[in-house]
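Residue numbers (the numbering used here): 439 to 1314.
A virtual CB, placed ideally from N, CA and C, is assigned to each residue, including glycine.
Rendered as structure tokens:
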């Protein structure tokens, strides 16, 4: 009887707790669409319970507003092996591909019910079944698919009648991909004391939105949690498409960065994401103009939506004048004359207008080449009645117009006056050039040219003879050398951003497409059109919404670093957007992406000279950074960008570089953990980051370039790499790598950082190799001495060469997974692997091209070392 009383009390507690603990229904977000809400159903829910008796029971209770709601409860905790099912009615899927189920419920703690241990449960199961129509009359358990087992975060033991507050459990589950017209949900009780208070089924969408004057409709999210749905927008009323407007709908129902835009038609301006008509007295002539403008001086508009303003009576405007030009009364310059005409210059002077409309403030001279027909003209302004025109083309006819400006505005341009430049600037005697003077001019030009050639030759020779001491002295004595300023030394980091990065108006930027996801937000490509400059392609990094002030400063710190650099092999900063959202960093666009990926896609397609040219560009950029006392700390092929002309530029200046004591010996950056494969030993051990440690990294980049993007040290672990370097191991030359280049790599990897070359020396060395291509023909495989990384020891004098076992060799080069391949193919000694080819390796089942190159490269070293020992063997 006590147990039964406990069960009855448990049921009463369920209802009391439900009544008191109910909260008002949540406001539905704009990105959710409801398919089922049990609390909004009037009358019985009439879901199907199985068994029909003794299982789930529908109960009506009152919510906090004393409105009836329907719930389901079950509490069969006394009997074992409970299997009580409750199935909803058929729910139409609509446009949903993935649905979300929100369940609110209360559940009794089994420990508070004596005598039910072993039969009482504290969970229930959630199932679903898809179908194209409502044809399920009975609940066939085998046809349902399980979604999850649901447990309570909070259970209750009892409820005081005087204080009946009870927290509801809320759980959300999702299901996809749905393909049928509709579905059923089912709840399975296995012996719990539980009450389902409400069931809410919904799907997500990106709601109707207007961005850049383009309207994007309600869009259902994709079926996959990581999918993006591309949506094309339509221009709002009274606007026209400039660039195709697009946005991407994310799985969470949020729109990503808009691409493209629309512009309001002439006579309309953008206000509140709509195109509003220009008022009377205002105008807008072009869709590319800003907002509506007030009619200029001495002009008017009589209706809304004007694209230009009419001149007042007695005032005029030329047909070629822009709409913003004030109307003026007649005032024309009558006569324009020229004097002192040379090859590139001439002087103009003109008469004062006969009837100026007030005091003349300035004159404007418009001129253009005659054969250009005014398509491309230039303007010169002056306050006097004369001016000098420079930078003209020899033996070319130019057309000139002059007009005056008073407080009332500009007058009409004068009639055209035509003048031609000369071919040779020389004294004229009686209309004929003096031959003696001409001869002296020619002789003088020859002498000057010879002097220039001699001086250039001397300077070039001196620059090629360098020494470490001399370079250090020259650097210390050079006046005016720019030094890098760390933006984090500023008390206010915003000051560094303002000082080194130019603010760009968002109207100048057109985002075209998302090309990647960065640490702080999306990375896009687009176009930048600054006033007075041509439109260029740019890369746009955006800062995602919801950022903190510190995240904003960290994001923009990269711009305040790049903004200090100006070099053809350093990524160029165009500017930043900080005064509106999204915050952006605008840099030049590098069409071919990162160098490591570019090399892998073009394996074997470049000549050695082209590869050396790539290395020379990177070294030149690093020399510039070194001269500015900037240490990169993360130089690697992945951080070099390549444009369409194969010009390589150093990038990635936004990382914080704090070395951590980790087992893998990696230092942590905001972009993730960077492997130590590119990092100098002293930087790993002592945190000594200098230009010399950048030189070590540059040697690794050289190896990456010559191996077409192969991973340094292959499959070796980071700890094995550290140990091998400490023991003197250095990367062997890649296949067909010139000996001179691998020798330069080894110099970059000298243990003592003072023994490594400077970047200025590296640039000079590469220049010499480019000027003498013959020095690049000798590969490391042709060397007459064994390489320091040779994987065997030289024999004693007079002894026969011995190369060791294949197993040891494969282990040392990190490819021991191929032991069985070699053994099965009959390659049991290292002597037998020397003549192997790509075809032999492919037949053995070694198909990876990188592993093939590594094996053959090592075999070449073995062969080179064996020949050397045989050649130097002491005769008996």
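Residue range of the alpha helix (DSSP H) that includes residue i
i            : result
residue 1186 : 1177–1186
residue 1157 : 1156–1164
residue 1197 : 1197–1209
residue 1055 : 1046–1065
residue 1265 : Element bounds for residue 1265: n/a, residue is neither H nor E.
residue 1249 : 1244–1250
residue 1120 : 1119–1124
Residue i, DSSP secondary structure in three states
i            : result
residue 1358 : In this structure the chain extends from 439 to 1314, so residue 1358 is not present and cannot be described.
residue 1282 : coil
residue 1097 : At residue 1097, the pLDDT of 32 sits below 50, so the modelled position is not reliable and the matter cannot be decided from this model.
residue 933  : helix
residue 946  : helix
residue 1035 : helix
residue 683  : strand
residue 1167 : coil
residue 633  : strand
residue 697  : strand
residue 863  : Legend: pLDDT at residue 863 = 39, less than 50; position of this residue unreliable, value from coordinates given subsequently. Note: residue 863 maps to coil in three-state DSSP.
residue 1142 : helix
residue 1338 : Shown here, the chain extends from 439 to 1314; a query on residue 1338 therefore has no answer.
residue 1127 : coil
residue 726  : coil
residue 479  : coil
residue 662  : coil
residue 1258 : helix
residue 886  : helix
Beta strand (DSSP E) segment containing residue i, residue limits
i            : result
residue 692  : Run containing residue 692: none; DSSP gives neither H nor E here.
residue 500  : 495–500
residue 714  : 712–715
residue 509  : 506–513
residue 788  : 784–788
residue 1091 : Careful: residue 1091 lies outside any beta strand (DSSP E) and carries neither H nor E.
residue 776  : 774–777
residue 472  : 470–475
residue 1085 : Looking at the DSSP string, residue 1085 is not in any beta strand (DSSP E), and its letter there is neither H nor E.
residue 653  : 652–654
residue 674  : From DSSP, residue 674 is part of no beta strand (DSSP E); its letter is neither H nor E.
residue 484  : Note, residue 484: premise wrong, no beta strand (DSSP E); not H, not E.
residue 762  : No beta strand (DSSP E) contains residue 762, which DSSP labels as neither H nor E.
residue 706  : 706–709
residue 1043 : That residue, residue 1043, is in no beta strand (DSSP E); it is neither H nor E in DSSP.
C-beta atoms of residue i and residue j nearer than 7 Å
i            : j            : result
residue 697  : residue 717  : no
residue 1013 : residue 1024 : yes
residue 656  : residue 642  : no
residue 614  : residue 536  : yes
residue 1191 : residue 1130 : yes
residue 587  : residue 525  : no
residue 493  : residue 487  : yes
residue 1073 : residue 992  : no
residue 980  : residue 964  : no
residue 687  : residue 715  : no
residue 1316 : residue 1087 : Residue 1316 falls outside the range modelled here, since the chain spans only 439 to 1314, and no answer is possible.
residue 982  : residue 973  : no
residue 431  : residue 1151 : Outside the shown range of the chain, which is 439 to 1314, sits residue 431, and nothing can be said about it.
residue 971  : residue 681  : no
residue 808  : residue 835  : yes
residue 703  : residue 679  : no
residue 633  : residue 511  : yes
> What are the start and end residues of each continuous alpha helix (DSSP H) run of 4 or more residues lying completely inside the region 952–1030, in chain order?
Replying inline: 987–1000
> Can you list the beta strand (DSSP E) stretches of 3 or more residues lying completely in the region 790–846, in chain order?
Replying inline: 800–807, 816–820, 824–827 and 835–844
> Of all the beta strand (DSSP E) runs that stay within the bounds of the region 518–550, which reach a length of 3 or more residues?
Replying inline: 522–525 and 536–545
> So, do the region 736–750 and the region 709–724 have three or more beta carbon pairs nearer to each other than 8 Å?
Replying inline: yes
> Enumerated in chain order, which unbroken segments of the beta strand (DSSP E) with a length of 3 residues or greater are wholly contained in the region 566–627?
Replying inline: 583–589, 607–614 and 620–627
> Do the region 512–521 and the region 620–631 touch if we need at least three Cβ pairs shorter than 8 Å?
Replying inline: yes
>> Whether or not the region 643–654 and the region 695–714 are in contact is what I'm after, with contact meaning three or more pairs of Cβ atoms, one per stretch, closer than 8 Å; do they touch?
In response: yes
>> Does the region 549–559 come into contact with the region 668–675, if we say contact requires no fewer than three beta-carbon pairs (one atom in each stretch) closer than 8 Å?
In response: no
> Do the region 777–786 and the region 820–837 touch if we need at least three Cβ pairs shorter than 8 Å?
Replying inline: yes
> Would you call the region 1036–1045 and the region 1143–1162 touching, i.e. three or more CB-CB distances under 8 Å?
Replying inline: yes
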